[in-house]
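Under my numbering, the sequence shown has 146 at position 146, and the numbering climbs by one with no breaks.
Below: the structure, in structure tokens.
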Amino acid sequence: MTGLIGFAVIWGAGRGLGWPRALSLGLALLWLLLLVAVHAPGIGVPQVAAMLGGDFRLWLIFGGVAAAVLAYGAGLGALRARVKARPVAPLSSQGPFSEVELDRYARHILLREIGGPGQRRLKEAKVLVVGAGGLGSPALLYLAAAGVGTIGVIDADAVEGSNLQRQVIHTDARIGLPKVFSAEAAMKALNPFVAVRPYHRRLEPDIATDLIADYDLVLDGTDNFDTRYLVNRVCAGLGKPLIAGALTQWEGQLSVWDPARGAPCYDCIFPTRPAPGMVPTCAEAGVAAPLPGIIGAMMAMEAVKLITGAGEPLRGRLLLHDALHAESRVIAVGKRADCPVCGGQS
Ligand SMILES: [Zn+2]
Numbered sequence: 001m002t003g004l005i006g007f008a009v010i011w012g013a014g015r016g017l018g019w020p021r022a023l024s025l026g027l028a029l030l031w032l033l034l035l036v037a038v039h040a041p042g043i044g045v046p047q048v049a050a051m052l053g054g055d056f057r058l059w060l061i062f063g064g065v066a067a068a069v070l071a072y073g074a075g076l077g078a079l080r081a082r083v084k085a086r087p088v089a090p091l092s093s094q095g096p097f098s099e100v101e102l103d104r105y106a107r108h109i110l111l112r113e114i115g116g117p118g119q120r121r122l123k124e125a126k127v128l129v130v131g132a133g134g135l136g137s138p139a140l141l142y143l144a145a146a147g148v149g150t151i152g153v154i155d156a157d158a159v160e161g162s163n164l165q166r167q168v169i170h171t172d173a174r175i176g177l178p179k180v181f182s183a184e185a186a187m188k189a190l191n192p193f194v195a196v197r198p199y200h201r202r203l204e205p206d207i208a209t210d211l212i213a214d215y216d217l218v219l220d221g222t223d224n225f226d227t228r229y230l231v232n233r234v235c236a237g238l239g240k241p242l243i244a245g246a247l248t249q250w251e252g253q254l255s256v257w258d259p260a261r262g263a264p265c266y267d268c269i270f271p272t273r274p275a276p277g278m279v280p281t282c283a284e285a286g287v288a289a290p291l292p293g294i295i296g297a298m299m300a301m302e303a304v305k306l307i308t309g310a311g312e313p314l315r316g317r318l319l320l321h322d323a324l325h326a327e328s329r330v331i332a333v334g335k336r337a338d339c340p341v342c343g344g345q346s
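So this is what it looks like as structure tokens:
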């Protein structure tokens, strides 16, 4: 019994004084050898042996069992260490996202309406943005930040100093650079995991159908009516949803024109093209700096909703925002049966 107390003392002292495990084990081994030795027939000391208790065979068996238990523990530890040390298989081989992307998109993945499947749809989506100006700037930045996998941007202009008060995707250092390349640089800097396709040209009828056919949906942030009606006509013809924003000095509007899914097209609601010069452009009339940011960010929001299926998009509804009075209104808009663009569509 006293022999066992010796092991307890060594173990207790080791824990209490913070000895290394090897020292405790070494002392325990010495103590076991002593116990075996004093009980050994011929060389043992019977009086000491009687004081420590047990007998020769008992202490030999005890030592063997203790060694087996220690060996088993050590083997188990080594096995665990090997399991822990083995690198986790790269996530990209199991799904579309790397670990870095999962971290980047974690806030979306947490949302019940988006989650992992929605984020995957964003990554697989192809979105074309017409115009890299006031509305295009925030829309492009948020599409890239949100993780839309392929972003096309078409614009013929170069960055000018007078753009920078609103067109926050561009920088002073990039004045003179084509806007699409400036926008590309900003988006790649923000999110290197998205592909950007810059088209440094005006969207003309000869290329519009082929270009738009390659995308899932289109955001229109241009401020000229030729392009706006062209984009609407082509999107309606191809059955692609069109998220279009427009601005005047203090007011913005926004809708999802989608005749293929029961909503009106732009022509349904605005069938008459204003006479040239009747609607002043931003360059002529001015525009409050944050207003394109508000409407452009909402365009990106509608794009995220359309791609992921979250919530209720602005289909069949026109949102009007009056920044000067901080008022927003949403009005229901319906298809026009005699619309020359989408009248034949269901
Ligand atoms: Zn229509």
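Note that beta-carbon positions come from the ideal geometry of N, C-alpha and C, so glycine has one too.
It should be emphasised that the depicted structure is a prediction, and the values quoted were computed from it without experimental measurement.
Closest to residue i by C-alpha separation, out of the options, would be which residue?
i	options	result
residue 153	166, 139, 165, 26	139
residue 234	203, 252, 263, 221	203
residue 165	283, 217, 300	283
residue 390	337, 249, 331	Nothing can be reported for residue 390, as the shown portion of the chain is limited to 1 through 346.
residue 209	239, 11, 107	239
residue 191	253, 103, 23	103
residue 162	328, 289, 205, 317	289
residue 124	26, 21, 214	214
residue 330	317, 323, 173	317
residue 42	32, 30, 33, 56	56
residue 33	14, 6, 18	6
residue 196	206, 182, 207, 205	182
residue 122	174, 135, 133, 101	101
residue 98	147, 76, 185	147
residue 242	201, 262, 173, 266	266
residue 333	105, 269, 301	269
residue 114	328, 327, 338, 301	301
residue 297	264, 287, 135	135
Grouping DSSP H, G and I as helix and E and B as strand, with all else coil, what is residue i?
i	result
residue 127	strand
residue 216	coil
residue 150	strand
residue 251	strand
residue 122	helix
residue 242	strand
residue 88	Reliability of the predicted coordinates at residue 88 is poor, the pLDDT of 38 falling under 50, and the value obtained from them is presented with this limitation in mind. Correct three-state label for residue 88: coil.
residue 66	helix
residue 139	helix
residue 337	coil
residue 13	helix
residue 145	helix
residue 5	helix
residue 342	coil
residue 18	coil
residue 236	helix
residue 332	strand
residue 83	Unreliable placement is indicated for residue 83, whose pLDDT of 47 sits below 50; no coordinate value is reported for it.
residue 112	coil
residue 222	coil
residue 55	coil
residue 132	coil
Is residue i near residue j, with beta carbons less than 9 Å apart?
i	j	result
residue 127	residue 303	yes
residue 211	residue 256	no
residue 295	residue 216	no
residue 341	residue 221	no
residue 356	residue 35	Residue 356 is absent from the structure shown; the chain starts at 1 and stops at 346.
residue 292	residue 320	no
residue 137	residue 170	yes
residue 281	residue 232	no
residue 219	residue 186	no
residue 323	residue 252	yes
residue 259	residue 335	yes
residue 26	residue 37	no
residue 228	residue 244	yes
residue 28	residue 19	no
residue 133	residue 179	yes
residue 111	residue 118	yes
residue 189	residue 176	no
residue 348	residue 2	Residue 348 lies beyond the stretch modelled for the chain, which goes from 1 to 346, so this question has no answer here.
Would you verify that the beta carbon of residue i is, or is not, closer than 9 Å to some beta carbon of chain C?
i	result
residue 206	Protein chain content of the structure displayed is limited to a single chain, and chain C is not contained in it.
Starting from residue i, follow the alpha helix (DSSP H) in both directions and report where the run begins and ends.
i	result
residue 97	Run containing residue 97: none; DSSP gives neither H nor E here.
residue 36	21–39
residue 107	106–109
residue 45	Premise fails: residue 45 is in no alpha helix (DSSP H) and is neither H nor E.
Note to self: Give the list of continuous beta strand (DSSP E) stretches no shorter than 3 residues that lie fully inside the region 256–330.
What the structure shows: 317–322
Notebook entry, point to check: Along the chain, which unbroken stretches of the beta strand (DSSP E) at least 3 residues long are found entirely within the region 147–206?
Noted result: 150–154, 195–199
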